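Colleague: Residue numbers in the sequence shown follow my numbering, run continuously in steps of one, and reach 1289 at the last position.
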Amino acid sequence: MDAGLNGAAPAFGVERSLTGRRWLWRPAADRTAQAIAQRCGVPEVIGRLLAGRGVMPDHAADFLEPTLRAYLPDPSALTDMDAAAARIADSVQRGATIAIFGDYDVDGACSGALMALGLGELGATTINYVPDRLREGYGPNAPALRALAGQGAELVVCVDCGTAAHEALAALDGRADAIVLDHHKSEGAPPAIVATVNPNRADDASGLGNVCAATISFLTLVAVQRELRRRGFFATRREIDLLSMLDLVALATVCDVMPLTGLNRALVTQGLKVMARRERPGIAALLDVAQVREAPGTMTCGFAIGPRINAAGRIAEADLGLRTLLAAEPATAMVLARRLDEINRERQAVEAGLLDEAMTDAEAQFAAGAPVALVAGEQWHPGVVGIVAGRIKETFNRPALVAGIAEGRAVGSGRSVPGVDLGSAIIAAREAGLLIKGGGHAMAAGFTVEAGRIEALRGFLAERLAVAATLPDAADLPIEGMAAVGGIDEALAAAIGRVGPFGAGNEEPVFVVPRARVLRADRIGRNEATIRAFVEGEAGGRLKTILFRAGDGDLAAALARPGGAPLNLAGHIRAEQWNGRTSVSLILIDAAPA
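1) Quick check: the Cα distance between residue 906 and residue 958, rounded to an integer number of angstroms?
2) Report yes if the C-beta distance between residue 717 and residue 1171 is below 8 Å; otherwise report no.
3) Where does residue 995 fall in DSSP's three states?
4) Once the 5 residues before and after residue 698 are set aside, which same chain residues still bring their CB inside 6 Å of it?
5) Evaluate contact between the region 1014-1024 and the region 988-1001, counting only Cβ atoms and requiring at least three cross-stretch pairs below 8 Å.
6) Rounded to a whole number of angstroms, what is the C-alpha to C-alpha distance between residue 927 and residue 1005?
7) Residues in its own chain within less than 6 Å of residue 1206 by CB, not counting five upstream and five downstream?
8) Pull up the CB-CB distance for residue 1135 and residue 1118, whole angstroms please, since I reckon it's below 8 Å.
9) Measure the C-alpha to C-alpha separation of residue 721 and residue 975 and round it to an integer number of angstroms.
10) The alpha helix (DSSP H) with residue 725 in it runs from where to where?
11) From residue 1180 to residue 933, what does the alpha carbon distance come to, in whole angstroms?
12) Please list the segments of the alpha helix (DSSP H) lying wholly inside the region 1156-1216, counting only runs of 4 or more residues, in order along the chain.
13) Tell me where the beta strand (DSSP E) around residue 1263 begins and ends.
14) What is the DSSP secondary structure of residue 1136, reduced to helix, strand or coil?
15) Less than 8 Å separating the beta-carbons of residue 939 and residue 969?
16) With a 10 Å radius around its C-beta and 16 neighbouring C-beta atoms as the bar for buried, classify residue 984 as buried or exposed.
17) I believe residue 1160 touches residue 1142 by the beta-carbon criterion, under 8 Å. Please report the beta-carbon distance rounded to the nearest angstrom.
18) Give me the Cβ distance between residue 896 and residue 886, rounded to the nearest whole Å; I'm assuming they're in contact under 8 Å.
19) Can you give me the C-alpha to C-alpha distance between residue 1081 and residue 860, rounded to a whole angstrom?
20) Would you grab the beta carbon distance between residue 863 and residue 840 for me? Rounded to a whole angstrom, and I think it's under 8 Å.
21) Using DSSP bridges, identify the partner residues of residue 1008.
22) Grouping DSSP H, G and I as helix and E and B as strand, with all else coil, what is residue 711?
23) Which whole runs of the alpha helix (DSSP H) in the region 818-851 are 4 residues long or more, in chain order?
24) Would you report the Cα separation of residue 1076 and residue 798, rounded to the nearest angstrom?
25) Going by the DSSP bridge assignment, what does residue 872 pair with across the sheet?
26) Contact check, residue 1211 vs residue 1279 under 8 Å by CB: the rounded distance?
27) Hey, residue 967 and residue 805 are a contact pair by Cβ (cut 8 Å); roughly how many whole angstroms apart?
28) Below 8 Å, can you find three or more Cβ-Cβ pairs linking the region 837-853 to the region 787-797?
29) Let me check one thing: in DSSP terms, what residues is residue 705 bridge-paired to?
30) Report the three-state DSSP secondary structure of residue 1220 (helix, strand or coil).
31) Give me the residue from 894, 784, 822 with the minimum Cα distance to residue 922.
32) In this structure, how does DSSP classify residue 1070 when only helix, strand and coil are distinguished?
33) What whole-angstrom Cβ distance do residue 745 and residue 758 have, given they're in contact under 8 Å?
34) Would residue 1149 and residue 1050 be called neighbours here (beta carbons separated by less than 8 Å)?
35) Can you list, in chain order, the residues of its chain whose CB lies under 6 Å from that of residue 1198, leaving out five sequence neighbours each side?
36) Residue 1094 and residue 1079 - do their beta-carbons sit closer together than 8 Å?
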């Protein structure tokens, strides 16, 4: 449950909605809301939304207009940053070869692209390497590192990986130096290398533990440029435009589900502005293949661009996403983007093939009282197990882990819910000798376990994460306001939009439209998976509502009964542009009998 909702009163008396959720008002101090509205000259609804997010009047202006000037930290606050910047600057000054060893997800691809573009513009020669998920697994491995040194790299920079790769990085001794730029949880001493820049290492006091690896890479480029400026490097050449790279930072921050508060909020806000200019051929091509016409937002990153980049690392060419982001020519970028689109469709087919089986197994475990589900199957593709774990987690509001078994080993991924730290549990399991390897953070983790020890791991996690058994079957739904059909217009949608960008840590507000009657409903889209309904308010007026992933549950059934009993509808109020016209819709999440 959202900690801010503890003790809150049920909204509209809904203890169990059509999707099984309890509706709770998100508290918002009236005086704080009024003070924000008056001080910032904004509508009262904005004041209430900010107050409900814990924003105080003195900080409301920075929240509404988040700038890097207000939030960007001194990179030196990160442990080992100065050592990393100095060593990278040495290689840049010599025009030396720097290898960038990345990860195959969006954060890894964006981090790799940032370092390759930035260091390349500074004059270094760069080699990019992304490991194959199936053959090499996650993170640095000794053969790949030795090969990079053999290609002339005097420095290897590991991005979005490497914090726990002590043994692999030792293979570079006497061959090349190494630097890690990462954000994954760290336990014990860092590797014996030049620098490990990771806000989640035990001895880091920067307070930046909620940023992604792309942000660490961006801050490293800031530090490197500053160091080179101090050395007089730019006396005869121009500094690089770091702000033009914020589209990559924004994309990674959203897709790695970082909280959109403070620094992250500023980076995403400014990065989306850069993305809207479509100056990076790879991102422009991905927007085109996803048929995104409007200005990109967090939904664009999370549901249009991100899955296509991730798909390559999950089931096909590990570095295809990185190559797309680095493409310099629009024609090349479009070829790569179309390939990513094809691979994403393949990924969706693979995912659908094991989802039903995994969901059935998980349901049986939860029915037996398990606080966490761990399901595994022979030859389940390791590239999609994380997505399936996320679907199970969303369905049951419990942590879920899914693994594919091959050659006596299970390789899996897990997803958790707020308040249940899965990463720490996986690290503890590894330290207890149950896992071959494993790690992660509070909300997500990866692991490898001998197939014969799956049952032991299941028992360990059940004991370690027992608190999850006390969670409700469906997550509580925080309600932030009420809006009559006749009062929902462009002005209201625009006011709500000012509180964005929305995402983890700054969830899009949910409003209730009371006592609405369905006038008409149609199944639309691919496989008719979306319901578009028009509803009428008690005092008149019409409103379009959209239900994605409609399925055939109680909510979909209620919408399919035009003229039926009135419903209280809960959803997001959004303005959408199409062919130069703006319309306002309610993106439906839930409903309950009025």
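Here a beta-carbon is modelled for each residue, glycine too, at the ideal position from N, C-alpha and C.
Quick caveat: nothing in here was measured; it's all calculated off a predicted structure.
Modeller: By the coordinates alone:
1) Taking the CA atoms as reference points, residue 906 sits about 8 Å from residue 958.
2) Cβ distance < 8 Å, so residue 717 and residue 1171 count as in contact.
3) Taken through DSSP and simplified to helix, strand or coil, residue 995 comes out as helix.
4) Any reading at residue 698 must be qualified, since the residue scores a pLDDT of 40, below 50, and its modelled position is unreliable; the value itself is stated next. Result list for residue 698: empty, nothing under 6 Å.
5) They do not touch, by the three-pair rule.
6) Using only the alpha carbons, I get a separation of about 40 Å.
7) Taking residue 1206 as the centre and dropping the five residues before and after it, the same chain places the C-beta of 1176, 1178, 1268 closer than 6 Å to its C-beta, in chain order.
8) Distance from residue 1135 to residue 1118 at the Cβ level is roughly 4 Å; contact confirmed, criterion being Cβ atoms closer than 8 Å.
9) Cα atoms of residue 721 and residue 975: separation of roughly 40 Å, rounded to the nearest angstrom.
10) That run of the alpha helix (DSSP H) goes 725-735.
11) Going from the Cα of residue 1180 to the Cα of residue 933 covers about 55 Å.
12) Runs of the alpha helix (DSSP H) spanning 4 or more residues and lying entirely within the region 1156-1216 occur at 1185-1192, in chain order.
13) Residues 1262-1273.
14) Here residue 1136 sits in strand by DSSP.
15) With respect to the 8 Å criterion, residue 939 and residue 969 are classified as neighbours on the basis of their beta carbons.
16) Only buried fits residue 984, as 16 or more other CB atoms lie within 10 angstroms of its CB.
17) Incorrect: roughly 14 Å between the Cβ atoms, too far for contact.
18) Incorrect: roughly 11 Å between the Cβ atoms, too far for contact.
19) About 22 Å.
20) Yes, they are in contact, since the Cβ atoms of residue 863 and residue 840 sit about 6 Å apart, within 8 Å.
21) The partner list for residue 1008 (beta bridge, DSSP) is empty, contrary to what the question assumes.
22) Of the three classes helix, strand and coil, the one that applies to residue 711 here is coil, per DSSP.
23) Taken in chain order, the complete alpha helix (DSSP H) segments of 4 or more residues contained in the region 818-851 are 837-845.
24) Looking at the backbone, the Cα of residue 1076 and that of residue 798 are separated by about 18 Å.
25) According to DSSP, residue 872 bridges with 850.
26) With a Cβ gap of about 14 Å, residue 1211 and residue 1279 do not count as contacting.
27) Between residue 805 and residue 967 the Cβ distance is about 14 Å, and since that is not below 8 Å, they are no contact.
28) Look at the beta carbons and you see the region 837-853 touching the region 787-797: at least three pairs across the two are nearer than 8 Å.
29) 719, per the DSSP bridge assignment.
30) Coil.
31) For the residues 894, 784, 822, the minimum Cα distance to residue 922 belongs to 784.
32) It is a strand residue.
33) Their Cβ separation, rounded to whole angstroms, is 6 Å, which keeps residue 745 and residue 758 in contact under 8 Å.
34) In this structure, residue 1050 does not lie closer than 8 Å to residue 1149 by Cβ.
35) For residue 1198, where only same-chain residues beyond five positions count, the Cβ hits under 6 Å are 949, 955, 993.
36) A distance of 8 Å or more separates the beta carbons of residue 1079 and residue 1094.
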